[in-house]
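Colleague: The opening position of the sequence shown corresponds to residue -2 in our numbering, with each subsequent residue numbered one higher. No residue lacks a Cβ here, since even glycine has one placed at the ideal position from N, Cα and C. Fair warning: this is a prediction, and the values are worked out from it, not measured in the lab. Please read through the structure below; I'll follow up with questions.
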Amino acid sequence: MTNFRRLDLFCRVVDNYGDIGICWRLARQLVREHGLAVTLYVDDLASFQRICPEVDVAAERQQVEEVTVRHWRDQDGVYTPQQVADIVVEFFAVDLPPGYIDAMAQCEPRPVWFNLEGLTAEEWVEGCHRLPSPQRQGLMKHFFFPGFTEKTGGLLREAALEQQRLQFEPEPFLQQLGLTPAELISTKVSLFCYPHAPVSALFDVWQQGDRPLTCLVPEGVAADAVRAFSGSDGRAGTVATHGALTVRVLPFVPQPDYDKLLWACELNFVRGEDSFVRAQWAGKPFIWHIYPQDENLHHKKLRAFLLRYAENLPQLALFSLRWNGAPAAGDDDWMALWNGLQGERETAAAHAAGWQQQMLAHGDLAGNLLSFAATLR
Ligand code: TRH
């Protein structure tokens, strides 16, 4: 498609796993599907290792699945133009090392430079996507926004993902995770959320259900609620049953296995950005716990998404607002909220599959990024 050969991607881990989760996914895809030589500069190898166990936290430079990974320690250093890639991507407006920018300015032709922004369903994104932003030394940077419409960069998605999902067999995978035959035939829900989610209230409701439900929680997530429910330290392998609810604590799995977990469950609670997108590709109903921001800015973002996603799913929208502590009609009667969600189950399942098809029509973020880059040279 292009004469681009090399791409450098700069990632700072603000917190948690989403920053490196997104960058790692993008880096791998650019190598595998587009044949680029990708260097991923990342400042936190320990977080990286949690989603990708092959990562050596002590290595300054390493090859992981054909991606060159460099431990990005500081902003110092002199770079030569030869070290600069054809495409340079800063994730979430990180500051590139000044020496790297100096070297970019000496390149002929100049590299294509992107600021890859965070995902939001808000409308203003369409007006900012692809906007140029002049930089020092005559360099030009362009904004690139992921999104849910054809006027944005789309969502990250590997070409083979849907095929893999269709061929996936949940039972052996869940057995490997330790699920018993009874858990296998129960309703399975994965739970990934921030610590302030009202998990204990939901556990109370699930306990009183008339059908067995197994909640699969990665270690460390909803730790207080899991400890209270299980009466143990909540380490991976912890299993506790009260009433209709079994809570099973899973190890934090490598990133590709997390997809499988989403595919294997009937309902997924996800958070942040990357798991949120993966839940959409899983084609299953999900509840999103959005990353909290100052002045409840995240509530606006949540509503913007729900306007697009849940127009015909009022119970899912209401549950989601409450789950995120956003103002909404009624009170926090979690039994009523859960029953409402259950009543919408079939519509939500059909909608999730339809939404996935709708999103597929916008291409994928990596492909869209490279197509746009080609127009800039
Ligand atoms: O971890 P997150 O909360 O990440 C982020 C960060 O907080 C970031 O600073 C913020 O900007 C962003 O949210 C909005 O949630 P997210 O984005 O879903 O990333 C989690 C990653 O961890 C994702 O790539 C999936 C992966 N993962 C595994 O690999 N194994 C697991 O067992 C689980 C639960 C997740």
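Can you check whether the CB of Gln204 is closer than 8 Å to the CB of Ala241?
Modeller: Yes, the pair counts as a contact, with Cβ atoms nearer than the cut-off.
Colleague: Beta-carbon within less than 8 Å of His295's beta-carbon, same chain only, minus the 5 sequence neighbours each way: which residues are those?
Modeller: So the list reads Ile287, Tyr288, Pro289 and Asn321, once near-sequence residues are dropped.
Colleague: Are there any heavy atoms of the ligand TRH lying less than 7 Å away from the beta-carbon of Gly240, as far as the coordinates show?
Modeller: No - the ligand TRH has no heavy atom lying nearer than 7 Å to the Cβ of Gly240.
Colleague: Buried or exposed: where does Gly144 fall if 16 or more other Cβ atoms within 10 Å of its Cβ makes it buried?
Modeller: That one is buried.
Colleague: Based on Cα-Cα distance, which residue from Gln46, Val11, Ala55 and Thr65 lies nearest to Thr36?
Modeller: Of the candidates Gln46, Val11, Ala55 and Thr65, the one whose C-alpha sits nearest the C-alpha of Thr36 is Thr65.
Colleague: Any heavy atom of the ligand TRH closer than 7 Å to the Cβ of Glu51?
Modeller: No, the ligand TRH has no heavy atom inside 7 Å of this Cβ.
Colleague: Cutting at 8 Å between CB atoms, please list the residues of its own chain near Thr149, excluding the five before and the five after it.
Modeller: Contacts found: Val122, Glu123, His126, Phe142, Pro143 and His359.
Colleague: Under 8 Å, with one C-beta from each stretch per pair, do the stretch 337 to 352 and the stretch 310 to 319 reach the 3-pair mark?
Modeller: Enough Cβ pairs lie closer than 8 Å, so yes.
Colleague: Just to check, is the beta-carbon of Pro215 closer than 7 Å to a non-hydrogen atom of the ligand ATP?
Modeller: The model on display carries the ligand TRH but not the ligand ATP.
Colleague: In the DSSP assignment, the alpha helix (DSSP H) including Ser197 goes from what residue to what residue?
Modeller: Counting along the chain, the alpha helix (DSSP H) containing Ser197 begins and ends at Val196 to Gln204.
Colleague: For the beta strand (DSSP E) containing Val39, list its first residue and its last residue.
Modeller: Looking at the DSSP string, the run of the beta strand (DSSP E) that includes Val39 is Ala34 to Val39.
Colleague: Under the three-state reduction of DSSP, which class applies to Ser187: helix, strand or coil?
Modeller: Ser187: strand per DSSP, three-state reduction.
Colleague: What did DSSP end up calling Lys138 once you bin it into helix, strand or coil?
Modeller: In the structure shown, Lys138 sits in a strand (DSSP, three-state: E or B).
Colleague: If contacts are defined as beta-carbon pairs under 8 Å, then Val246 and Gly231 qualify, I think. What distance do you get, rounded to the angstrom?
Modeller: Going by Cβ atoms, the distance from Val246 to Gly231 rounds to 6 Å, so yes, they are a contact pair.
Colleague: Does the beta carbon of Gly231 fall short of 7 Å from some heavy atom of the ligand TRH?
Modeller: No; taking the cut-off as 7 Å, the Cβ of Gly231 has no heavy atom of the ligand TRH nearer than that.
Colleague: Buried or exposed: where does Ser317 fall if 16 or more other Cβ atoms within 10 Å of its Cβ makes it buried?
Modeller: That one is buried.
Colleague: In the DSSP assignment, the beta strand (DSSP E) including Cys212 goes from what residue to what residue?
Modeller: Leu210 to Pro215 is the extent of the beta strand (DSSP E) around Cys212.
Colleague: Given this structure, state the Cα-to-Cα distance separating Ala156 from Tyr14, to the nearest angstrom.
Modeller: Going from the Cα of Ala156 to the Cα of Tyr14 covers about 23 Å.
Colleague: Apart from the five residues just before and just after Arg18, which ones in its own chain have a Cβ nearer than 7 Å to its Cβ?
Modeller: Contrary to the premise, residue 18 reads as Gly rather than Arg in this sequence. So the list reads Ile48, Gln252 and Asp271, once near-sequence residues are dropped.
Colleague: Which residues in the same chain as Phe1 place their Cβ atom closer than 6 Å to its Cβ, once the five residues preceding and following it in sequence are excluded?
Modeller: Contacts found: Asp83 and Ile84.
Colleague: Going by beta-carbon coordinates alone, are Phe111 and His139 separated by less than 8 Å?
Modeller: Going by C-beta atoms, Phe111 is nearer than 8 Å to His139.
Colleague: Less than 7 Å between the CB of Asp201 and some heavy atom of the ligand TRH, yes or no?
Modeller: No, since every heavy atom of the ligand TRH falls outside the 7 Å radius drawn around the Cβ of Asp201.
Colleague: Please go through the same chain and pick out, in chain order, the residues whose beta-carbon is closer than 8 Å to the beta-carbon of Arg3, but skip the five residues on each side of it.
Modeller: Excluding sequence neighbours, Arg3 sits near Leu33, Ala34, Val35, Thr36, Ala82, Asp83 and Ile84.
Colleague: Which whole-angstrom value is the C-beta distance of Ala363 and Leu27, which I expect to be below 8 Å?
Modeller: Indeed they touch by this definition, with Cβ atoms about 6 Å apart.
Colleague: Taking the CB atoms as reference points, tell me whether Trp331 and Leu199 lie closer together than 8 Å.
Modeller: Yes, these two residues count as a Cβ contact at 8 Å.
Colleague: Could you check what DSSP says for His295 in three-state terms: helix, strand or coil?
Modeller: It is helical.
Colleague: For a quick check, are the C-beta atoms of Ser229 and Thr238 less than 8 Å apart?
Modeller: No, the pair does not count as a contact, with Cβ atoms beyond the cut-off.
Colleague: May I ask you to report which of helix, strand or coil DSSP gives Asn365?
Modeller: Reduced to three states, the DSSP call for Asn365 is helix.
Colleague: By DSSP, does Leu313 sit in helix, in strand, or in coil?
Modeller: Helix at Leu313.
Colleague: For Leu280 versus Gln353, is the C-beta spacing smaller than 8 Å?
Modeller: Inspection of the sequence shows that residue 280 is occupied by Gly rather than by Leu. Their beta carbons are under 8 Å apart, which means Gly280 touches Gln353 by this criterion.
Colleague: Under the assumption that Ala222 contacts Ser187 (Cβ atoms under 8 Å), give the Cβ distance between them as a whole number of angstroms.
Modeller: With 8 Å as the limit, Ala222 and Ser187 do not qualify as a contact, their Cβ atoms being about 15 Å apart.
Colleague: For a test of the three-state rule: what should DSSP assign to Leu23, helix, strand or coil?
Modeller: Correct three-state label for Leu23: helix.
Colleague: Does His348 pass the burial test, meaning 16 or more other C-beta atoms within 10 Å, or should it be called exposed?
Modeller: The residue is buried, with at least 16 neighbouring Cβ atoms inside 10 Å.
Colleague: Measure the beta-carbon distance from Val109 to Gly96 and round it to whole angstroms, keeping in mind my assumption that it falls under 8 Å.
Modeller: With a Cβ gap of about 19 Å, Val109 and Gly96 do not count as contacting.
Colleague: Leaving out five residues on either side along the sequence, give the residues of the same chain with a beta carbon under 7 Å from the beta carbon of Leu181.
Modeller: So the list reads Glu168 and Leu171, once near-sequence residues are dropped.
Colleague: May I ask which residues mark the beginning and end of the alpha helix (DSSP H) holding Leu168?
Modeller: The question names Leu, yet the displayed sequence has Glu at residue 168. Its alpha helix (DSSP H) spans residues Pro167 to Gln173.
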